[in-house]
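Numbering (the working numbering), first residue to last: 526 to 622.
C-beta atoms are modelled at their ideal positions from N, C-alpha and C, and glycine is treated no differently.
Please read all numbers here as calculations on a predicted model, not as lab measurements.
Structure first, commentary second.
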Ligand SMILES: [Zn+2]
């Protein structure tokens, strides 16, 4: 999908903004907020689901420290490469892991 194909003012549009890393417009932000407000039970469930995921990841991190550190450094290298490709990496950070 390209920026000019975003269905603004929809939940799908909000997701497209995130996917394309384009700042979220007011119409899409409003659409997501209205969607969330229309389903309070779902929002509460997702918040708890997120909390459980976060806690499980913390426990996993402690149980497998070395593997986590290796994964983290691999993923950090990827996001730093993406930031560099997007022109977001300051000169002084180039070449640092
Ligand atoms: Zn939009």
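heavy atom of ligand 1 below 6 Å from residue i C-beta
i: residue 552; result: yes
i: residue 575; result: no
i: residue 533; result: yes
i: residue 566; result: no
i: residue 538; result: yes
Collapsed DSSP secondary structure at residue i in the structure displayed
i: residue 553; result: helix
i: residue 598; result: helix
i: residue 532; result: coil
i: residue 527; result: coil
i: residue 618; result: helix
i: residue 589; result: coil
i: residue 623; result: The requested residue 623 is not part of the displayed model; the chain covers only 526 to 622.
i: residue 582; result: helix
Integer-rounded CB distance, given that residue j should sit under 8 Å from residue i
i: residue 603; j: residue 593; result: Contact doesn't hold; Cβ gap of about 16 Å is too wide.
i: residue 532; j: residue 545; result: That belief does not hold up - the Cβ atoms of residue 532 and residue 545 are roughly 12 Å apart, past 8 Å.
i: residue 574; j: residue 536; result: No, residue 574 and residue 536 are not in contact; Cβ-Cβ is about 18 Å, not under 8 Å.
Could you say if the segment 532 to 540 and the segment 548 to 561 meet the contact criterion of at least three C-beta pairs nearer than 8 Å? yes
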